[in-house]
Each structure stands twice: as structure tokens, then as C-alpha cells.
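Numbers given in my numbering equal positions in the sequence shown, counted from 1, plus 80.
The C-beta atom is built at its ideal place from N, Cα and C for all residues, glycine as well.
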Amino acid sequence: MISFPNAKINLGLHITSKRKDGYHEIETCMVPIPLFDALEMIVDKKPSWSSSGLSIPGEPKDNLILKAEKLIKKDFQGLPNLNIHLHKNIPMGAGLGGGSADGAFALKLMNNLFDLHLDDFFLEEYAAELGSDCPFFIENTPKIARGRGEILESIDLSLKGSYLVLINPGIHVGTKEAYAGVTPAPPKVKLEEVLSDRSRWKAELVNDFEPSIFKNHPEIAEIKKKMYSAGAYYAAMSGSGSSVFGLFDNQPSEIEFSDQYFRFESFL
């Protein structure tokens, strides 16, 4: 059985407060985009794990797909072994949620493969144990996310017909660096209010990580500037970076970026 975990972008991202447990409270709108990994699971005599495409750093035991398998098998004893293969296409550590999507899609794949009949509520509970962004990918529709990112609320928002240009310059922005440059504060305007009026997006739909990250990495700021110069109606860094996306009413003429950058374009 095969599935195609997709990436996401953030429309606005506010760091509203710091919690006693060390996590931060956030507010953002997450939207799925058609940039995909490929995840295959086959029932086999022996358990196995392999990957292709982009190189995945770290130990396999830390991979969210294998953590998802462990979670399910803890509660459902006696499930058969799996031969799991991931083809990695979504850049990692790029603010696109690729790892979170892989973990969430692994839960959905096992739910189907083993006929567990778990509804989305229970899958989201498992996903929240994997990571803050993971529950979003269970229903995989535009959502306002609050808390650590696990408190989700559906929003009537569509980017259908818009043209997406996504650039990742391969700059690593660590979580520690990203949060160090932010002073948590409640947003000045309600996120849903800004999202309802696209004419306000450029001025008011902000990512709180941008000011300090742009200062530390002017190259990322330059990508955003080029998006607007090419006619984007909205451009922003996704998550804590370093990917930057532009949304256009029509496919723009070729925007020049370094050949070293990861680039993805598509109508939504």
C-alpha cells in the first residue's frame, strides 16, 4: 500500500506566549500544498526500513514513521511486520512539515492496511504524540492551529487557482535560533479577520520569525523580495524557515534564483 505525504505552508505565524513546559504557544493557518514524498508499506516476514531520494539525517529510530509504527503496535498487539520504504522529496528542516506529514500518513496507512477503523479523532491523538504539526496532516485541509500547533480549527479558505512558487535555499535555520529572535506577544489583529480579506495579507499577515531570521540570513529576505517584484499577491517564509513561497494570480514569467536552490512550482 502506498501513499503520498504532502508539504504545507503557513499563512501567518504568531508566537503568542512561552509556556512553563518550555514550548511556545503559536497561532497560524496551515494549508496543504501538492509537493509530495512517497511512502510504501508492505506486510512482510521481517521488519525492514529503507529510503531513497533526499538523504535523511539521524538514526532510523528517531524517524516519525517508525515512531508511528511503534505507537500503533503498542496498542494493537500482534500486528504483522512491515517492509517500509520512503522516497524523500520534501526538503527537511525547511518549514514545510515534511517529516510531520510522513508520520501522520504512516498512521493513516497502517489504519487502512490493518483495518483498524480508527476515526480521525483517534488518529489525531496518536499524531499529537509524534509532534506538534502532525495532527494537521490527518484531515489535511486548511486549519487554524493554536497551542503547540495541535489545537486545530477548520477554516473556509481556498487558494484554488493561485500559482505557487516555493524556494528553499538550503540554509539551515535551527529551532533554537528561530525562537531566540522572537519576543512572544498576542497578535494585534485576529488571524481569521486578516485571512478573510486578501487585500490585507501583504501588510498584516505576518510571520513573527521573519525579522530576526532575515537579519541573520539576508539571502532568505532577498527571495521574498523577488517574489513581490515578480507580482506575488502574497509572499512569506513558511514556518521557521528557510523556505519562502509566493502566491500569484497567474503563472509569473521566469523568476531568476540560484540553480543551487530547491524550487517547486504548481497551480493550487
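Hey, would you say residue i sits closer than 8 Å to residue j, going by beta carbons?
i	j	result
Val324	Ile247	yes
Gly250	Tyr341	yes
Ala283	Leu210	no
Ser212	Glu233	no
Lys188	Met110	no
Leu239	Gly92	no
Ser83	Phe185	yes
Met190	Leu134	no
Ile170	Ser318	no
Leu180	Val253	It should be pointed out that residue 180 corresponds to Ser in this sequence rather than to Leu. No.
Ser131	Lys168	yes
Phe328	Leu115	no
Pro264	Lys141	no
Lys153	Leu159	yes
So, is residue i buried or exposed, given that buried needs 16 or more other C-beta atoms within 10 angstroms?
i	result
Ala67	Lying outside 81 to 348, the shown extent of the chain, residue 67 is not represented and no answer is given.
Ala260	exposed
Thr255	exposed
Asp195	exposed
Met81	exposed
Lys304	buried
Val274	buried
Glu204	buried
Val262	buried
Residues in the same chain with beta-carbon distance under 6 Å from residue i, minus the five sequence neighbours each way, listed in chain order, please.
i	result
Glu107	His94, Thr96, Arg226, Leu271
Gly326	Val245, Met307, Ala312, Ala315
Phe289	Ala258, Ser320
Asn220	Pro112
Pro266	Thr96
Phe337	Ile247
Is DSSP giving residue i helix, strand or coil here?
i	result
Leu237	coil
Met81	coil
Lys417	Here the chain comprises residues numbered 81 to 348, so residue 417 is not present and cannot be evaluated.
Phe202	helix
Phe337	coil
Leu159	coil
Asn191	helix
Ser130	strand
Pro332	coil
Leu350	Residue 350 lies beyond the range of the chain shown here (81 to 348); nothing can be said about it.
Ala184	helix
Ile145	helix
Thr308	Before going further, note that residue 308 is Tyr rather than Thr in the sequence given. DSSP places Tyr308 in helix when its eight states are reduced to three.
Glu209	helix
Lys153	helix
Pro114	strand
For residue i, I'd like the list of residues in its chain whose CB is within less than 7 Å of its CB, leaving aside the five on either flank, ordered along the chain.
i	result
Asp182	Pro85, Asp117, Leu119, Leu144, Ile145, Leu166
Ala301	Phe294
His163	Per the sequence shown, residue 163 should be read as Asn rather than His. Excluding sequence neighbours, Asn163 sits near Ile122, Asp124, Ser128.
Leu198	Asn191
Ala87	Ile113, Leu115, Ile170, Leu176, Gly177, Gly178, Ala181
Tyr103	Arg228
Glu334	none
Apart from the five residues just before and just after residue i, which ones in its own chain have a Cβ nearer than 8 Å to its Cβ?
i	result
Phe347	Gly241, Ser242, Tyr243, Leu244, Gln331
Glu105	Ile95, Thr96, Ser97, Lys98, Arg99, Arg226, Gly227, Arg228, Pro264
I want to see whether chain B comes within less than 8 Å of residue i, judged by CB atoms only; does it?
i	result
Lys270	Protein chains in the displayed structure number just one, and chain B is not present.
Give a single yes or no on whether residue i has its beta carbon closer than 7 Å to a heavy atom of the ligand SAM.
i	result
Gly177	With respect to the ligand SAM, the structure offers nothing, as it holds no ligand at all.
Note down, one range per segment and in chain order, each alpha helix (DSSP H) of at least 4 residues found wholly within the segment 219-302.
255-260, 271-275, 281-284, 290-296
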